[in-house]
Amino acid sequence: RVIPVIGAGVSSAAANLPSWVTLIKMGFEYAESRYLNPDLISKGRKHLEDNNFLLASNYLKKVLNAPSFPYVNWIKDIFEDPIIESDSLINSILDLSTSIIATTNYDTLLSSINTLNLQKFIYSDHQLIFNAINKKENLI
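Residue 87 in the working numbering sits at position 87 of the sequence shown, with consecutive numbering throughout.
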């Protein structure tokens with residue numbers, strides 16, 4: 001059974017949303033514009049320059065107080081209502097005839113064009129996902 005895992009490249013191509021690296025850069029700019037912890041911003045940017053994206057994103061989450069305010073507002077501002085410029089790639093993914101599609105994205109592009117009526121779960125719904133997979137249900 002093949003489960004496609006959809007990443008930021010799809011969102012970038014379909015709705016001009018930022019790549020992961022660009023998103024982290026934007027996050028540090030957002031934090032800086034709000035005069036948040038300059039030490040954490042500096043350390044996070046250093047990790048970004050060193051291509052250590054996971055550590056950089058961890059610093060960003062700390063400086064923006066994830067999952068609380070202002071992190072949640074910042075993410076929501078970027079991803080809440082994406083404007084789909086081209087739905088052909090998303091439709092191609094949905095046409096793969098797979099019952100499960102996984103995504104690492106914050107946005108809702110796949111589920112917003114979901115013509116297959118796939119159930120939607122988030123990563124923390126472990127038991128629901130497990131049950132859906134075992135019952136061979138369709139899900140994103």
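Just so it is clear, CB atoms sit at the ideal spot from N, CA and C, and this is done for glycine as well.
The structure presented is a predicted model; accordingly, all values stated were derived computationally and were not measured.
Where the alpha helix (DSSP H) containing residue i begins and where it ends
i: A13; result: 8–15
i: D81; result: Taken as a continuous stretch (DSSP letters only), D81 belongs to no alpha helix (DSSP H), as it is neither H nor E.
i: N65; result: From DSSP, N65 is part of no alpha helix (DSSP H); its letter is neither H nor E.
i: S190; result: Nothing about residue 190 can be reported from this structure: the residues present for the chain run from 1 to 140 only.
DSSP three-state assignment for residue i, whether helix, strand or coil
i: T22; result: helix
i: F53; result: helix
i: N131; result: helix
i: R34; result: coil
i: D125; result: coil
i: E85; result: coil
i: S97; result: coil
i: I41; result: helix
i: I75; result: helix
Where residue i falls, given that 16 or more other Cβ within 10 Å makes a residue buried
i: V72; result: exposed
i: Y59; result: buried
i: V63; result: buried
i: T144; result: Nothing can be reported for residue 144: it is not among the residues displayed for the chain, which extend from 1 to 140.
i: I30; result: The amino acid occupying residue 30 in the given sequence is Tyr; Ile does not appear at that position. Y30 is buried by the Cβ-count criterion.
i: V10; result: buried
i: S88; result: exposed
Counterpart residues of residue i in DSSP-defined beta bridges
i: A102; result: V5
Test: residue i CB closer than 9 Å to a CB of chain B
i: N134; result: This model lacks chain B altogether, as it is built from one protein chain only.
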